[in-house]
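What follows is a short report on a single structure.
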Amino acid sequence: MKMLDVKLLRDLSRMKGQAVTIALVVASGIGGFIGMLTAYDSLHGSRQSYYESTRFADLFSGVKRAPESLAEPIVQLPGVSDAETTTLFDVTLDIPNVAEPVTGRMIGLTDGRPPRLNRLTLRRGRWIEPGERNEVLVSEGFATARGLQPGDRLAALLNGKREDLRIVGVALSPEYIYANRGGAFPDDKGFGIFWMERDGVEAAFNMKGAFNSVTLRLAPHARAPAVISALDRLLAPYGGLGAYGREDQISHRILDQELNQLKVNATVFPSIFLGVAAFLLNVVLARQISTQREQIAALKALGYADRTIALHYLKFVLVIVLAGIAGGIGIGVWLGHYMTGMYTTFFHFPQLTYRIQPWIPLLAAAISLTAGVAAALQTVRRVASLPPAEAMRPPAPATFRRMILERLGWAHLLSSQTRMVVRTLERRPLRAALTTFGIASSIAIIIGGTFWGDAVEELIRVQFDEIQREDADITFVEPLSEAVRYEIDEIPGVLYAEPSRSVPVRLRAGHRSYRTAVMGLPQEGELRQLLDADRHPIPLPPDGLLLTDRLAARLGVKPGDRIEVESLEGKRTRRTLLVAGLVNDLVGMVGYMEIGVLNRAMGEGNLISSVAVRVDRAGVDLFNARLKETPAVATVGMKRTALETFEKESARNIFFFTTIVTIFAGAIAVGVVYNSARIALAERAWELASLRVLGFTRGEVSALLLGELAAELILAIPFGLWLGYLLALGLVRSAHSENFIIPMVITPRTYAYAVLAILIAGVVSALIVRNRIDHLDLVGVLKTRE
Amino acid sequence: MNELIQTTVFYARGLAKIYRMGEVEVHALRGVDLDIYEGEFIVLLGPSGSGKSTLLNILGGLDTPTSGEARWRNHDLGRADERGLTQYRREHVGFVFQFYNLIPSLTVRENVTLVTEIAEHPLKPEEALRRVGLEHRLDHFPSQLSGGEQQRVAIARAIAKRPEVLLCDEPTGALDYETGKVVLEVIARINQEFGTTAVVITHNAAIAGMADRVMHLADGQIASIEKNARKLTPGELRW
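Top to bottom, those sequences are chains A and B.
Counting along the first sequence from 1, when you hit position 317 you're at 392 in this note's numbering, and nothing is skipped either side.
Counting along the second sequence from 1, when you hit position 100 you're at 122 in this note's numbering, and nothing is skipped either side.
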């Protein structure tokens, strides 16, 4: 081995504490980057190949009732390569040993055959026998959540008629990778997908020879908007609900959001780590070079070329970065593997294989090497240009100035020790600022990684305590007379019932349009509260409608404007209505009207489509039992069921991420504090030893050095809290989606946690350095010339 | 010795060096003329600030003159670029510094190997160290050696490449009397045995006795050159 490399290794091992802490910062950044990006890539790749192998549809549309003869004209539409119709309905299920009613979606399989589009993957059991109307396949997510096996039986209320069904197989569908009926949360426990012979569904719902759902594959290069309009025109006479593409398909959209979020996180967090690592490398290398001035001069005098010496110091950085990369790849693979595994609880793929494409670690390595070299370049250039004759002489003593405080005449306020601390800080303002910034960024990272818990808690609190205040939501198969609410009132356990009407609509403003629903609510309702941006309740207008603020933005309208509201059901009326105000919903994008106003606008009598109820906890069993067999009830959404599962799962994930992020940010804090302290100690060992000789105690001498760090730490806290707020705000904005918004909430608990974690990291680093100060070799230090 | 048949190794005419320190111009050398012949032992004597280090640095290719001519054989040291100077130092010059400038993270043997790795026809590191009497200290680190031993390692490092000139900047400056003598003996022996031209800087007038010629520097100029009729051995020096 070359002697310069021997020197390199010995120098590194002499400062292994510093080298290791910096390598850890690099490793954290690389680990985060690789972990999140490979998880992204695995998820993205699995989805891609799943979609392709199952021929996932490009377009989707619901329709009230269209004749099967329409299937042919649909396939003939220009730009359509294949189309498939079916009949599907949401129903109430009665599962043995499950108290509450659960919603099932019954999807018809034509002649009991596998579908051509959105093909199913049979996971267990067998396919249904053609002609066996009571055999069903069940979605794997639901089967797992409810412990269902092939051979199990359950009952469903098909259009009010109780049918006994037998599970023969467990399957997966690309349409339901994420099982949810809208809203922001997965609901594997409360929402099951079932496939049965289409004849059976059609018979139960009087749909012989008709379909109510169609999915299409586009031909290559087909223009989706053109096909959507053509399909809408074909289906309109039969109650078409408006076609939409994959971007509005719930499962696809939520997966997209998750992928997008992963990509943002994979970029934002590692950048901070690499920035801090670059700063540390720069400071440590600069320090190393200034201590080795005379060695550099000697090497030059011995005939070593500038380039060789510069490369020697560059290698110093490269070794640390490469160690960080190696560690980072390990961390990244583990993290990516873990995250991908975690996603299988929410996203149901036949095969969610974790894969590492070589470009990801290679890119990570390239980025961090570039950052490392960039950090070292300026310093290394100084090595090359160091005139050897000059380097032979000891460096000039550092220049100090009177402090700002002194110039202001306030110096008497400070003790001479404090003065030394302040002067040192002032002497290297850039380094002090960067150290402060480094510590602040670790606080910010903890906040940015931890506040999700606060945000999700707030989302749940606002959405389910303030906005949706019901315990259960009972939806009817078809809109019914308002009088039904009195029957609901009679159900045991119901404390209070409140009717509502939901109408599928298409909203138009100028050239923009959006397919959604308008909710009709009673004026003095208690179970559904509409809030404005300041979370104050807003009353329903006597005229016109309220829009979710995000919906108004999408349509480009503001209060006072008029929009066209086209009903997609019943008489399919078209009205121009006034936008009376905006509602700050966290989940979904809909319109709201007073229920009477809505019904008049639809040209219909007093109809309701669902009833929200508050249930007595003591009577909940009776309530459940009764609803399981109430005809006309399509589905019952139990708020608790959905929330409990979600909260449990998300709490686990949030805990995991908080821990990871805290460890990573701790690496930054320790890296910054420890290295700053070590460098300060090396630079001032002579001074500190002199003070010890003059009779200063260890404590007093430590206070001088650690005082500087404490000052930087204390300055970093408010700055870090502010940076954390900005980081969280940036992440919330980037996570912004039409489906839901993450409320920007950071609780004092989170701020306190971040500060505490950093203080602990700071104190631990300080103690290690303190230990070194205590063992300062007085004679040895004073004998060296530096 | 007869100067007429000797080859000139170093040749300088009108050598001047001006440093700029902030707003002040420091004239370190103001017109130095000198000739140094092959195999000579030269002592440059002068008080601090007389310009002797600057002169040595220019002769060693560590620094360049502001004006004037400096040559080593047929190499123009005044007009060589950084690459040329590095090449010159690497191939021909052995340096010994006042503070040894050893690499603290390398052992004695490794410090010498550092040079033999980049030299064309080097001595074996062990051989170089044997010549300075340190063959029993090969695997010690500089911090485990006395000052005199460190300086002898530095000399071994300087001679390991078989240099044509040995330039020593206050080699005994940081050493006590006895140790200083040991180091000077080593330098004298190298000069004699290898015929290496040696230039030694010192402000210790007593050392002048062991030189072929003594150049007195004062205020950036060569004030006088004296030739010793009889060279003393280091053992005979007294200070």
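All C-beta atoms, glycine included, are put in the ideal place defined by N, C-alpha and C.
Length of the line joining the Cα atoms of residue i and residue j
i, j, result
"A/PRO617", "A/THR623", "18 Å"
"A/ALA246", "A/PRO225", "11 Å"
"B/HIS158", "A/ILE97", "40 Å"
"A/ALA717", "A/ASP227", "23 Å"
"A/GLU861", "A/THR366", "Confidence in A/GLU861 is poor, its pLDDT being 42 and thus under 50, which makes the residue's placement too unreliable to answer from."
"A/PHE526", "A/LYS236", "48 Å"
"A/PRO614", "A/LEU605", "7 Å"
"A/PRO574", "A/GLU813", "27 Å"
"A/ALA132", "A/TYR251", "12 Å"
"A/PRO189", "A/LEU195", "7 Å"
"A/VAL70", "A/TRP761", "Because chain A spans 76 through 861 in this model, residue 70 of chain A falls outside it and cannot be assessed."
"B/SER168", "B/ALA196", "11 Å"
"A/GLU207", "A/MET271", "9 Å"
"A/THR772", "A/ALA742", "31 Å"
"A/GLY671", "A/LEU596", "8 Å"
"B/ASP57", "B/GLN243", "14 Å"
"A/GLU787", "A/ILE395", "25 Å"
"B/ALA245", "B/HIS49", "16 Å"
"A/SER588", "A/VAL839", "59 Å"
"A/ALA863", "A/ALA141", "This structure does not reach residue 863 of chain A, given that chain A is present from 76 up to 861, and the question cannot be answered."
"B/ASN24", "B/PRO126", "Low confidence applies here, because B/ASN24 scores a pLDDT of 48, under 50, leaving its location unreliable; read the following figure in that light. Cα to Cα, the separation comes out at about 44 Å."
"B/GLU215", "B/GLY61", "10 Å"
Residue i at chain B interface by Cβ criterion, 8 Å
i, result
"A/ALA373", "yes"
"A/LYS723", "no"
"A/ALA864", "Nothing about residue 864 of chain A can be reported from this structure: the residues present for chain A run from 76 to 861 only."
"A/LYS91", "no"
"A/ASP852", "no"
"A/LEU369", "It is worth fixing the name first, because residue 369 of chain A is Glu in this sequence and not Leu. Taking Cβ atoms only, chain B reaches closer than 8 Å to A/GLU369, which makes this a yes."
"A/PRO463", "yes"
"A/ALA376", "yes"
"A/LYS390", "no"
"A/LYS338", "no"
"A/MET78", "yes"
"A/GLU861", "Any answer about A/GLU861 is weak, because its pLDDT of 42 lies below 50 and its placement is not dependable; what the coordinates show is given next. Answer no: the Cβ-Cβ gap between A/GLU861 and chain B never drops below 8 Å."
Residue i at chain A interface by Cβ criterion, 8 Å
i, result
"B/ARG111", "yes"
"B/PHE32", "no"
"B/ASP85", "yes"
"B/ASN79", "yes"
"B/GLY68", "no"
"B/GLY242", "no"
"B/GLY169", "no"
"B/GLY231", "no"
"B/GLY71", "no"
"B/PHE4", "Past the edges of chain B, shown from 23 to 261, lies residue 4 of chain B, and the structure says nothing about it."
"B/GLU82", "In the sequence as presented, Glu is not what sits at residue 82 of chain B; that position holds Gly. Taking Cβ atoms only, chain A reaches closer than 8 Å to B/GLY82, which makes this a yes."
"B/ASN24", "Its pLDDT being 48, under 50, B/ASN24 is placed unreliably by the model, and nothing is read from it."
- Which runs of the alpha helix (DSSP H) spanning at least 4 residues fall entirely within the stretch 702-752 of chain A, listed in chain order? none
- Task: For the stretch 123-155 of chain B, enumerate the residues whose C-beta is nearer than 7 Å to any C-beta of chain A, in chain order.
- Result: ASN123, ILE125, SER127, LEU128, GLU132, THR135, LEU136, VAL137, GLU139 and ILE140
- Task: Name, going along the chain, the residues of the stretch 92-112 of chain B whose beta-carbon falls closer than 7 Å to a beta-carbon of chain A.
- Result: GLU104, THR108, ARG111 and ARG112
- Query: Are the stretch 640-656 of chain A and the stretch 672-692 of chain A in contact at 8 Å, needing three or more beta carbon pairs?
  - Reply: yes
- Message: With three or more C-beta pairs closer than 8 Å as the rule, is the stretch 124-134 of chain B touching the stretch 208-224 of chain B?
- Response: no
- What runs of the alpha helix (DSSP H), each 4 residues or longer, lie entirely inside the stretch 145-197 of chain B? 147-153 and 169-181
- Residues, ordered as in the chain, of the stretch 81-105 of chain A that lie near chain B by beta-carbon distance below 8 Å: VAL81, LYS82, ARG85, ASP86 and ARG89
- Message: Just to confirm the assignment: which complete beta strand (DSSP E) runs, minimum length 3, are found wholly within the stretch 507-565 of chain A?
- Response: 547-556
- For the 8 Å Cβ check, are there 3 or more pairs between the stretch 151-162 of chain A and the stretch 277-289 of chain A? yes
- the stretch 100-116 of chain A contacting the stretch 162-180 of chain B, beta-carbon criterion three pairs below 8 Å: no
- Message: Check whether the stretch 172-189 of chain B and the stretch 135-154 of chain B touch, using three or more Cβ-Cβ pairs below 8 Å as the test.
- Response: yes
- Query: Going along the chain, which unbroken runs of the beta strand (DSSP E) with 3 or more residues stay wholly within the stretch 211-241 of chain B?
  - Reply: 219-224 and 235-240
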